[in-house]
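Participant:
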Amino acid sequence: MRRAMGSSVVGAEAAALISRIHEETSWSLGRRIRHAFVSVVARAYPRVIGAAREPSWLFFDLVFPILGMCSIVFLLRSRGVDEAWIASTILATALLSFWISVVWMMGAQFHWERDSGNLLLYITAPVGLGAIALGMAIGGALGVVIRAVIITVAGVLLFGAKYQVADPFLLALVILAGVAAMYSLGVCLSSVFLISGREADHLGSLLNEPMQLLGGVYAPVRSMGTVGVVALGILPLAPAIDALRQVAVPQLAATGILPVGVELLILLVMTIVFGVIGRVLLAHIERVGRAGGKLLARAD
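The number in my numbering is simply the position in the sequence shown, starting from 1, with 797 added.
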């Protein structure tokens, strides 16, 4: 009799626990959206505010990008390159800041978080990796804006770079589309870097300097022939820089490989495609990480 009563009590407690878990996890759509929004803001916050709290970071953001831009400009002037190309190269260098952030602050972030032990918290927290990655992208983009503006302003003040923007809205649209496509690709890279393990650092180096050449930072994509066409279709940096060059420096509009409208469409398609692929990869990492935990172990 007592055993039966004990079993019934345990069964009632288990049912109550299951009911409570179901109640706490069965969120409405509105609550899920609010929770995801708070998660995005929370992950973006340290990337935007962190630089202001660390003076050394602000110094590096001010000095190092200007030094890199100056070295490229001096090289071009030593070769007698036209001033229009120098002005476009300064803009390309500013946009390149976003690409470097995508490779190291997006692509390698989950890999670093695993080594520091934070990835386990991400997996077990009631927040999807998609919201975390979106917060990383938004925070990273907002943080790099300062660096890009500094490079452009320094180029105008130090080297007299001149720009003729007939349509500021189109210029803003090109920059926004390019940044969105690059960070959408960064979501995919974050999963690839995590799976690659100890090869992540080598992969980051591979996606840095070679991609600058293929992206048209130092020379127009049109001059690369078939390689340039391929880069235009898979590398967001290429159509973004090519379109930016046509909009901000009209003298070089004839060097564009495609019209600005077509390149904007390419960037939009890249944003959607890379975003969907990245979401699928992140869902796979969540599933595998929670089931087996192998992806959460540090790659020594």
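Just so you know, even glycine gets a beta-carbon here, dropped at the ideal spot from N, CA and C. On a predicted model such as this, the values are computed, not experimentally measured, just so you know.
Taking buried to mean at least 16 other C-beta atoms within 10 Å of its own C-beta, is S1002 buried or exposed?
Facilitator: Exposed, since its Cβ has fewer than 16 Cβ neighbours within 10 Å.
Participant: Do V1046 and A891 have their beta-carbon atoms positioned less than 8 Å apart in this structure?
Facilitator: In this structure, V1046 does not lie closer than 8 Å to A891 by Cβ.
Participant: May I ask which residues mark the beginning and end of the alpha helix (DSSP H) holding P1047?
Facilitator: Here P1047 belongs to no alpha helix (DSSP H), and DSSP marks it neither H nor E.
Participant: Measuring straight from C-alpha to C-alpha, what distance separates P1017 and T921?
Facilitator: Cα-Cα distance, rounded: 46 Å.
Participant: Going by the CB atoms, is the gap between L1065 and L970 shorter than 8 Å?
Facilitator: Cβ distance not < 8 Å, so L970 and L1065 don't count as in contact.
Participant: Can you tell me which of the three DSSP states I948 falls into?
Facilitator: Helix, per DSSP.
Participant: In the structure shown, what three-state DSSP assignment does R876 receive?
Facilitator: It is coil, neither helix nor strand.
Participant: Apart from the five residues just before and just after A1040, which ones in its own chain have a Cβ nearer than 6 Å to its Cβ?
Facilitator: Excluding sequence neighbours, A1040 sits near V971, V1057 and E1060.
Participant: Can you tell me where the alpha helix (DSSP H) holding D912 begins and where it ends?
Facilitator: That run of the alpha helix (DSSP H) goes Q906 to S913.
Participant: Hey, would you say A1035 sits closer than 8 Å to G1012, going by beta carbons?
Facilitator: Contact: yes.
Participant: In whole angstroms, give me the CA-to-CA distance for L859 and I947.
Facilitator: Cα to Cα, the separation comes out at about 7 Å.
Participant: By a C-beta neighbour count over all protein chains shown, 10 Å radius and 16 as the cutoff for buried, is A934 buried or exposed?
Facilitator: Buried, by the Cβ-count rule.
Participant: Three or more C-beta pairs closer than 8 Å, one from the region 889 to 903 and one from the region 957 to 969: is that the case here?
Facilitator: No: the two stretches stay apart, fewer than three of their Cβ pairs being nearer than 8 Å.
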